[in-house]
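If you use the working numbering, the sequence shown closes out at 241, no skipped numbers anywhere. Where is the CB? At the ideal position from N, CA and C, for every residue including glycine.
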Amino acid sequence: MLLRKRPETGRQVSNLKLKTCNFIVLKSFIIFLVLLIGIEGYSQAIKKIKATELEKTIKESRTPLIVSFWATFCVPCIQEIPYLERLVKQHEKDSIKLLLVSLDLQEDYVKIRPLASQKKFSSPIVWLNETNADYFCPKVDSSWSGAIPATLFINNKTGYRKFYEEQIKEAQLEKEIMAILGSR
Numbered sequence: 058m059l060l061r062k063r064p065e066t067g068r069q070v071s072n073l074k075l076k077t078c079n080f081i082v083l084k085s086f087i088i089f090l091v092l093l094i095g096i097e098g099y100s101q102a103i104k105k106i107k108a109t110e111l112e113k114t115i116k117e118s119r120t121p122l123i124v125s126f127w128a129t130f131c132v133p134c135i136q137e138i139p140y141l142e143r144l145v146k147q148h149e150k151d152s153i154k155l156l157l158v159s160l161d162l163q164e165d166y167v168k169i170r171p172l173a174s175q176k177k178f179s180s181p182i183v184w185l186n187e188t189n190a191d192y193f194c195p196k197v198d199s200s201w202s203g204a205i206p207a208t209l210f211i212n213n214k215t216g217y218r219k220f221y222e223e224q225i226k227e228a229q230l231e232k233e234i235m236a237i238l239g240s241r
């Protein structure tokens with residue numbers, strides 16, 4: 058066994074111990090990088106907005122807009138987002154926009170970005186910084202009880218507007234995309 062003197066202490070240490078120590082440091086660094094990349098995967102900032110700003114965004118949209126209301130604790134919401142994103146991407150030439158509006162509680166705001174990164178969401182995400190559903194729900198749709206998933210399809214140019222307070226199946230989403238584009 059080869060021995061070396063440690064410069065800082067003058068003690069002798071085996072090469073095997075040095076290799077083991079170097080391996081542990083390298084392994085720790087790799088784990089750190091993987092975690093860092095995972096956390097930073099969804100690079101967009103999660104903007105905090107109020108109901109009035111959301112209402113303005115909806116009313117002033119110049120392109121067909123799909124607004125998906127979801128939360129990190131809502132499994133059906135999370136299941137719906139990937140096919141919403143896929144369909145919007147397929148119709149990229151039609152300028153359809155998708156906005157993901159998180160309704161997470163304030164203490165769960167920190168969970169939004171890691172979940173979006175883990176699930177590889179690519180659409181813009183905002184967090185609705187409101188606590189009173191009786192205030193913000195009617196601003197979106199007068200029939201909305203506050204249940205999620207909920208999705209608003211709107212095209213201000215054609216006057217098309219449809220609101221769903223349920224998980225929408227992929228086939229129905231395709232029909233709504235055609236309707237929002239005016240090709241019923």
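Query	Result
State the Cα-Cα distance for the pair V132 and S174, rounded to the nearest angstrom.	16 angstroms
CA-CA distance, I225 and F178?	18 angstroms
Let's test the definition: count the other Cβ atoms within 10 Å of the Cβ of E117 and tell me whether it reaches 16, buried, or not, exposed.	exposed
Across which residues does DSSP place K113 in a beta bridge pair?	Its beta-bridge partners do not exist; DSSP assigns none.
Look at the alpha carbon of Y192 and the alpha carbon of K150, and state the distance between them as a whole number of angstroms.	36 angstroms
Using the beta-carbon count (16 or more within 10 Å), is A128 buried or exposed?	buried
Could you tell me which of K214, E227, A102 and P206 sits nearest to Y221, measuring between CA atoms?	P206
Would V124 be called buried (16 or more neighbouring beta carbons within 10 Å of its own) or exposed?	buried
For K244, I'd like the list of residues in its chain whose CB is within less than 6 angstroms of its CB, leaving aside the five on either flank, ordered along the chain.	Nothing can be reported for residue 244: it is not among the residues displayed for the chain, which extend from 58 to 241.
List the whole-angstrom C-beta distance separating K105 from W184, where the pair is believed to meet the contact cut-off of C-beta under 8 angstroms.	5 angstroms
What is the DSSP secondary structure of I182, counted as helix, strand or coil?	strand
Near D161, what residues of its chain come up, given a Cβ to Cβ distance below 8 angstroms and the 5 sequence neighbours on each side ignored?	A128, T129, F130, K168, I169 and W184
Specify the secondary structure class of S152 as computed by DSSP and reduced to three states.	coil
Candidates H148, P195, N186 and L157: which alpha carbon is nearest Q163's?	N186
Could you check if E227 is buried or exposed, using at least 16 other CB atoms within 10 Å of its CB as the buried criterion?	exposed
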